[in-house]
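*Asks:* Can you keep this structure in mind? I'll have questions shortly.
Number of protein chains: 6
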Amino acid sequence: MASFDGPKFKMTDGTYVQTKSINVGSSTDISPYLSLLREDSISNSNRAVIFDVNWETETKPSKWSLSSVKLSTRSLCLFLKLPNPFHDNLKDLYRFFASKFVTFVGVQIEEDLNLLRENHGVVIRNVIEVGKLAAKTRGTLLLEYLGTRELAHRVLWSDLSRLDSIESKWEERGFEERLEAAAIEGWLIFNVWDQLSE
Amino acid sequence: MASFDGPKFKMTDGTYVQTKSINVGSSTDISPYLSLLREDSISNSNRAVIFDVNWETETKPSKWSLSSVKLSTRSLCLFLKLPNPFHDNLKDLYRFFASKFVTFVGVQIEEDLNLLRENHGVVIRNVIEVGKLAAKTRGTLLLEYLGTRELAHRVLWSDLSRLDSIESKWEERGFEERLEAAAIEGWLIFNVWDQLSE
Amino acid sequence: MASFDGPKFKMTDGTYVQTKSINVGSSTDISPYLSLLREDSISNSNRAVIFDVNWETETKPSKWSLSSVKLSTRSLCLFLKLPNPFHDNLKDLYRFFASKFVTFVGVQIEEDLNLLRENHGVVIRNVIEVGKLAAKTRGTLLLEYLGTRELAHRVLWSDLSRLDSIESKWEERGFEERLEAAAIEGWLIFNVWDQLSE
Amino acid sequence: MASFDGPKFKMTDGTYVQTKSINVGSSTDISPYLSLLREDSISNSNRAVIFDVNWETETKPSKWSLSSVKLSTRSLCLFLKLPNPFHDNLKDLYRFFASKFVTFVGVQIEEDLNLLRENHGVVIRNVIEVGKLAAKTRGTLLLEYLGTRELAHRVLWSDLSRLDSIESKWEERGFEERLEAAAIEGWLIFNVWDQLSE
Amino acid sequence: MASFDGPKFKMTDGTYVQTKSINVGSSTDISPYLSLLREDSISNSNRAVIFDVNWETETKPSKWSLSSVKLSTRSLCLFLKLPNPFHDNLKDLYRFFASKFVTFVGVQIEEDLNLLRENHGVVIRNVIEVGKLAAKTRGTLLLEYLGTRELAHRVLWSDLSRLDSIESKWEERGFEERLEAAAIEGWLIFNVWDQLSE
Amino acid sequence: MASFDGPKFKMTDGTYVQTKSINVGSSTDISPYLSLLREDSISNSNRAVIFDVNWETETKPSKWSLSSVKLSTRSLCLFLKLPNPFHDNLKDLYRFFASKFVTFVGVQIEEDLNLLRENHGVVIRNVIEVGKLAAKTRGTLLLEYLGTRELAHRVLWSDLSRLDSIESKWEERGFEERLEAAAIEGWLIFNVWDQLSE
Numbered sequence: 009m010a011s012f013d014g015p016k017f018k019m020t021d022g023t024y025v026q027t028k029s030i031n032v033g034s035s036t037d038i039s040p041y042l043s044l045l046r047e048d049s050i051s052n053s054n055r056a057v058i059f060d061v062n063w064e065t066e067t068k069p070s071k072w073s074l075s076s077v078k079l080s081t082r083s084l085c086l087f088l089k090l091p092n093p094f095h096d097n098l099k100d101l102y103r104f105f106a107s108k109f110v111t112f113v114g115v116q117i118e119e120d121l122n123l124l125r126e127n128h129g130v131v132i133r134n135v136i137e138v139g140k141l142a143a144k145t146r147g148t149l150l151l152e153y154l155g156t157r158e159l160a161h162r163v164l165w166s167d168l169s170r171l172d173s174i175e176s177k178w179e180e181r182g183f184e185e186r187l188e189a190a191a192i193e194g195w196l197i198f199n200v201w202d203q204l205s206e
Numbered sequence: 009m010a011s012f013d014g015p016k017f018k019m020t021d022g023t024y025v026q027t028k029s030i031n032v033g034s035s036t037d038i039s040p041y042l043s044l045l046r047e048d049s050i051s052n053s054n055r056a057v058i059f060d061v062n063w064e065t066e067t068k069p070s071k072w073s074l075s076s077v078k079l080s081t082r083s084l085c086l087f088l089k090l091p092n093p094f095h096d097n098l099k100d101l102y103r104f105f106a107s108k109f110v111t112f113v114g115v116q117i118e119e120d121l122n123l124l125r126e127n128h129g130v131v132i133r134n135v136i137e138v139g140k141l142a143a144k145t146r147g148t149l150l151l152e153y154l155g156t157r158e159l160a161h162r163v164l165w166s167d168l169s170r171l172d173s174i175e176s177k178w179e180e181r182g183f184e185e186r187l188e189a190a191a192i193e194g195w196l197i198f199n200v201w202d203q204l205s206e
Numbered sequence: 009m010a011s012f013d014g015p016k017f018k019m020t021d022g023t024y025v026q027t028k029s030i031n032v033g034s035s036t037d038i039s040p041y042l043s044l045l046r047e048d049s050i051s052n053s054n055r056a057v058i059f060d061v062n063w064e065t066e067t068k069p070s071k072w073s074l075s076s077v078k079l080s081t082r083s084l085c086l087f088l089k090l091p092n093p094f095h096d097n098l099k100d101l102y103r104f105f106a107s108k109f110v111t112f113v114g115v116q117i118e119e120d121l122n123l124l125r126e127n128h129g130v131v132i133r134n135v136i137e138v139g140k141l142a143a144k145t146r147g148t149l150l151l152e153y154l155g156t157r158e159l160a161h162r163v164l165w166s167d168l169s170r171l172d173s174i175e176s177k178w179e180e181r182g183f184e185e186r187l188e189a190a191a192i193e194g195w196l197i198f199n200v201w202d203q204l205s206e
Numbered sequence: 009m010a011s012f013d014g015p016k017f018k019m020t021d022g023t024y025v026q027t028k029s030i031n032v033g034s035s036t037d038i039s040p041y042l043s044l045l046r047e048d049s050i051s052n053s054n055r056a057v058i059f060d061v062n063w064e065t066e067t068k069p070s071k072w073s074l075s076s077v078k079l080s081t082r083s084l085c086l087f088l089k090l091p092n093p094f095h096d097n098l099k100d101l102y103r104f105f106a107s108k109f110v111t112f113v114g115v116q117i118e119e120d121l122n123l124l125r126e127n128h129g130v131v132i133r134n135v136i137e138v139g140k141l142a143a144k145t146r147g148t149l150l151l152e153y154l155g156t157r158e159l160a161h162r163v164l165w166s167d168l169s170r171l172d173s174i175e176s177k178w179e180e181r182g183f184e185e186r187l188e189a190a191a192i193e194g195w196l197i198f199n200v201w202d203q204l205s206e
Numbered sequence: 009m010a011s012f013d014g015p016k017f018k019m020t021d022g023t024y025v026q027t028k029s030i031n032v033g034s035s036t037d038i039s040p041y042l043s044l045l046r047e048d049s050i051s052n053s054n055r056a057v058i059f060d061v062n063w064e065t066e067t068k069p070s071k072w073s074l075s076s077v078k079l080s081t082r083s084l085c086l087f088l089k090l091p092n093p094f095h096d097n098l099k100d101l102y103r104f105f106a107s108k109f110v111t112f113v114g115v116q117i118e119e120d121l122n123l124l125r126e127n128h129g130v131v132i133r134n135v136i137e138v139g140k141l142a143a144k145t146r147g148t149l150l151l152e153y154l155g156t157r158e159l160a161h162r163v164l165w166s167d168l169s170r171l172d173s174i175e176s177k178w179e180e181r182g183f184e185e186r187l188e189a190a191a192i193e194g195w196l197i198f199n200v201w202d203q204l205s206e
Numbered sequence: 009m010a011s012f013d014g015p016k017f018k019m020t021d022g023t024y025v026q027t028k029s030i031n032v033g034s035s036t037d038i039s040p041y042l043s044l045l046r047e048d049s050i051s052n053s054n055r056a057v058i059f060d061v062n063w064e065t066e067t068k069p070s071k072w073s074l075s076s077v078k079l080s081t082r083s084l085c086l087f088l089k090l091p092n093p094f095h096d097n098l099k100d101l102y103r104f105f106a107s108k109f110v111t112f113v114g115v116q117i118e119e120d121l122n123l124l125r126e127n128h129g130v131v132i133r134n135v136i137e138v139g140k141l142a143a144k145t146r147g148t149l150l151l152e153y154l155g156t157r158e159l160a161h162r163v164l165w166s167d168l169s170r171l172d173s174i175e176s177k178w179e180e181r182g183f184e185e186r187l188e189a190a191a192i193e194g195w196l197i198f199n200v201w202d203q204l205s206e
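This is the structure:
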């Protein structure tokens, strides 16, 4: 049965985030993991799924293609390494992104949304740029322009030393530490969203 | 004679929503059902019809085509499963959407309106994104970015446990439970609109 | 001599609207009727002409073509059923719409203006979406999103039962009742405009 | 020597507007008249030239071409009937419109500016929609949407019966009366601009 | 050595503007003059360069090409008459416009910026429409829509009779008087900018 | 090992900026320098990287290509002279710009962002125009339109004589002085950002 059986990381408030990293092949069935995320999002939160994406470029002038996707809820973090080109089984991901059951929450995603639509036809119907919302609800213009770390710093004031420590020496980090940074970032934005939507 | 003779679901205020689900074939005449919806909308409400749509993708890079349409009034809910490609009898649906007799009300429909126009040439002349209206009239920015469930939660404060229960385990639900969730969502947005337009 | 010799309908304030319905053929001269409308608009009102249009679709993916036009002043209502394709005599209608002598007033016309320009090259140089104006001048956001009936209801508070009665059973109505509904809608928007422009 | 030797019309304040109407042929030199307009605009006013244009359509789907141009200052009104297609001597008109010495002032010109650029490559670098300015400076939203007559009515409160009388029976009017209406409209907008720019 | 050795004009405050007019040929080196302008802008002002452009049209439908450029600082005014087509030595002008060392200041330049980019690939990275700035900082909406003379009139209240005298009889003026008008206009806008940026 | 071993310049507050200038060839590995920048940005500041770009044009109508890039943190300044056409090793730069770990901060970069995307496919996902932010947070409209020097002048009030002295005689300066100006400009904007983000 599908489960988030990857490394488990302790956050600064003492809770844990369970992770799962999948190297998506042509026969990988990712739908059970997406279902677990949806269930956790509906049961334990404001129906939010935090997402982030990475891109790779291969040609000149450069054309970007989606290389990985990270999806987080309060206590889960799924990291999908995507094949190039995509396999048919990625339609489950397409349908997940198009769903209106949950709200997809991201930071500095304007370019990502354009690239997702133009390069891959991915449509996210219910999506929010959390920095813009923070800027408006807090009346602090600057929040719109910050990355994940700075945004979390100014909204949550939590301890970010572990994240800084991993990201400042990124090239020297192994896969598990990078996964931990991803889990921390997802958890931070989940908490930013949680505070803003109260 | 046409009638909404599908399952009847009890809402949290004790009223019932009568449903009809139609698998639209090349000779199905949907116009009597659309007429009943319009009549109910004109007689029993503010001339609003709540709508939602679903999409299916089949090719890479993905091209989305409309796979189903849900139309709700105060006490009716019509679910149309659409063929691919469309038959000529769907012109009745095109004309219904283009009508100015009623206002079409939806949640997070910006992408849907684009896809309807670009992929199918469907024009909805009198349409409103209810979350934007809620955000402005209530002065609560967040409302613009929420999905159906969260929007209803913050405007109506009604009991949403039945909806959560169905949607959190979506893959395990049968057709009738899914239809019930559709009817509940339509009924919720009808009530959100009703409150906002008072 | 041209005259509005169709049915005459009594409005709720006791005044009458004189109608004329024309099935435009290749040799029909519509210019005398347009002149009478302009004269009535200049003599008896704020130089406003209320307009509405209907569309028909024939192909897949659908391409819409203008099938009828309704033009109203305080006491006149002209209904033009248009041929497909258009004849040369419709240039009179093109010139009428392009004129700056009067202001063309409509409800939920954004899509109509796009289709008129893109599909037919019709340009309306002096045009106003009356719902937007109502929303701004009254400070009631909702007014921007309503159809004719609801807009009139909230601005004029007049008796709309006759209109509701015709439109709720639209399919069962004959041509004269449909013409009466058109005349009532034109008269309502004329009065909405009249109130707003005071 | 070039002079405005056409009919001279008395305005409601007792002043006169001198007119000149020119049927522009391939050898007509319009530049002396444009110079006189510029000189009058610089010497006697706020460097404003009031302009209006007319369009003719000949094909289906319709393509509009500029058929006449009206240019007014405080006391002059030039009416140019343009050939189709244009002759080379119209470059003087192109340069006049592109000049930054004067501000071109018009009513409901958004569509006109689009058509001028797209269909003829005419660029007006210093241009203002006077209704928008009136709406903002007076705080009366409605002013943005009115035609010449209604705008003048609400800003100047002058007697408009002569204009109404000519325009309500437009088809029955001869050329001189139509020229008088053009002169009155130009003079009215000149005075609207003059009041707003004080 | 390059110097501004053209006519020297006295402004209304007693200072002088030194001019240089260059008919740019294929071997003309304009870079020393551009360097002098930059140096003067950096040493004697807020790093502003006032610019204006002229266009010529040759074909139907008209295509505009840049025919001359005027660049002004506090005490210098450079007038470049450009060849058609451009020579390679104009790359110096391209680089000058693309520089971020100075701010390019103009009046009613929106159309000019479009034409520069579309017709010539000229990019001005640091540019400001001074009328818009004046309108906002002074709270006087009208300032956005004025030409150079009227804008200067309302911001500076200086004596503009010399400028009016030259421009009202433009066709009768020789080259030196036209150059004087150009120098005056540049000097006026320099002073408008200087006041606004205090 | 990679290090910023170019000239070291003293800023007006007594701190030093260490520079590195690289002429990027086909086998140059720029990634260690980008890593050092990221580390410095994460460890010593608000995760900001100040950037500026230069363009070169070679054809008519002109097509711009990126010729150099400058990247600054609090104490480092990297100057990359780029080859034309680009080599594969520049993908490291593409990935650096696409990263969300840091915020890219620039002055008057709107045109640059357009050209980067259109001409090179470079995507900067987390980017801010610092002048716009300054204008809004300080309530001083003018700040949006200034170049680096003037913006720094009005936000920091520091001594800019060294920068002015280099830039006013730009053509006569050698490479090291130009590099010093680049380092000063980067340091100034770093401090502007630092003040604004407090």
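Same order as they appear, the protein sequences are chains A, B, C, D, E and F.
Position one of the first sequence corresponds to residue 9 (my numbering), numbered consecutively onward.
Position one of the second sequence corresponds to residue 9 (my numbering), numbered consecutively onward.
Position one of the third sequence corresponds to residue 9 (my numbering), numbered consecutively onward.
Position one of the fourth sequence corresponds to residue 9 (my numbering), numbered consecutively onward.
Position one of the fifth sequence corresponds to residue 9 (my numbering), numbered consecutively onward.
Position one of the sixth sequence corresponds to residue 9 (my numbering), numbered consecutively onward.
Ideal placement from N, C-alpha and C gives every residue a C-beta, glycine not left out.
Count the CB pairs spanning the segment 196-206 of chain C and the segment 160-169 of chain C that are closer than 8 angstroms, and state whether there are at least three.
*Replies:* At 8 angstroms Cβ cutoff, the stretches touch.
*Asks:* So, helix, strand or coil for B/G22, using DSSP?
*Replies:* Coil at B/G22, not helix or strand.
*Asks:* Do the segment 164-182 of chain F and the segment 126-142 of chain F meet, that is, are 3 or more Cβ pairs less than 8 angstroms apart?
*Replies:* Result no; under three Cβ-Cβ pairs closer than 8 angstroms.
*Asks:* Given a cut-off of 8 angstroms on the beta-carbon distance, is the pair F/V131 and A/E152 in contact?
*Replies:* In this structure, A/E152 does not lie closer than 8 angstroms to F/V131 by Cβ.
*Asks:* If you compare alpha carbons, which of B/V115, B/I174 and B/W178 is closest to B/A143?
*Replies:* When only C-alpha atoms are compared, the closest one is B/V115.
*Asks:* Can you pull the chain D residues whose beta carbon is under 7 angstroms from the beta carbon of C/L50, in chain order?
*Replies:* The sequence shown places Ile at residue 50 of chain C, not Leu. Here the neighbours are D172, E175 and S176.
*Asks:* E/M9 to E/L45, Cα distance in whole Å?
*Replies:* Spanning the two alpha carbons is a distance of roughly 15 angstroms.
*Asks:* Can you pull the chain D neighbours of C/L212, defined as C-beta to C-beta under 8 angstroms?
*Replies:* Look at the range of chain C in this structure, 9 to 206, and you will see that residue 212 of chain C is not part of it.
*Asks:* Please report how far the alpha carbon of C/V61 lies from the alpha carbon of F/T111, in whole angstroms.
*Replies:* Rounded to the nearest angstrom, the two C-alpha atoms are 51 angstroms apart.
*Asks:* Count the other C-beta atoms from every protein chain shown that fall within 10 angstroms of the C-beta of A/K71, then say buried if there are 16 or more, exposed otherwise.
*Replies:* Exposed, since its Cβ has fewer than 16 Cβ neighbours within 10 Å.
*Asks:* Taking the alpha carbon of C/E179 as the point to measure from, which residue in B/F104, B/S34, B/S53 and B/G147 has its own alpha carbon closest?
*Replies:* Per the Cα distances, B/F104.
*Asks:* Quick one: which residues of the segment 16-48 of chain A get their C-beta closer than 9 angstroms to a C-beta of chain B? List them in chain order.
*Replies:* Residues passing the 9 angstroms Cβ filter: S39, P40, S43, R46, E47 and D48.
*Asks:* Name the residues in the segment 80-94 of chain F whose C-beta lies less than 7 angstroms from a C-beta of chain E; which are they?
*Replies:* Residues: none.
*Asks:* Rounded to the nearest angstrom, what separates A/A106 and B/R157 at their Cα positions?
*Replies:* Roughly 16 angstroms between the two C-alpha positions.
*Asks:* Using only the alpha-carbon positions, how far apart do B/F198 and E/F59 sit?
*Replies:* Taking the straight line from one Cα to the other gives about 58 angstroms.
*Asks:* Rounded to whole angstroms, what's the CA-CA distance from C/P93 to C/Y102? Just pull it up for me.
*Replies:* Computed Cα separation, rounded: 15 angstroms.
*Asks:* What residue from D/T81, D/L88, D/R82 and D/L84 has the CA that sits closest to D/S75's CA?
*Replies:* With distances taken between Cα atoms, D/S75 lies closest to D/L88.
*Asks:* Give me the Cα-Cα distance between C/P91 and A/I117, rounded to the nearest whole angstrom.
*Replies:* Cα to Cα, the separation comes out at about 49 angstroms.
*Asks:* DSSP puts D/E64 in a beta bridge; with which residues?
*Replies:* D/S73.
*Asks:* Please report the Cβ distance between A/T23 and A/S83, rounded to the nearest whole angstrom; I am assuming they are in contact, meaning their Cβ atoms lie under 8 angstroms.
*Replies:* A/T23 to A/S83, Cβ: 7 angstroms. Contact.
*Asks:* Are any of the Cβ atoms in chain A nearer than 8 angstroms to that of F/K99?
*Replies:* Closer than 8 angstroms: yes.
*Asks:* According to the neighbour-count rule (16 or more other Cβ atoms, all chains shown, within 10 Å of its Cβ), is F/N54 buried or exposed?
*Replies:* Its Cβ being crowded by 16 or more others within 10 Å, F/N54 is buried.
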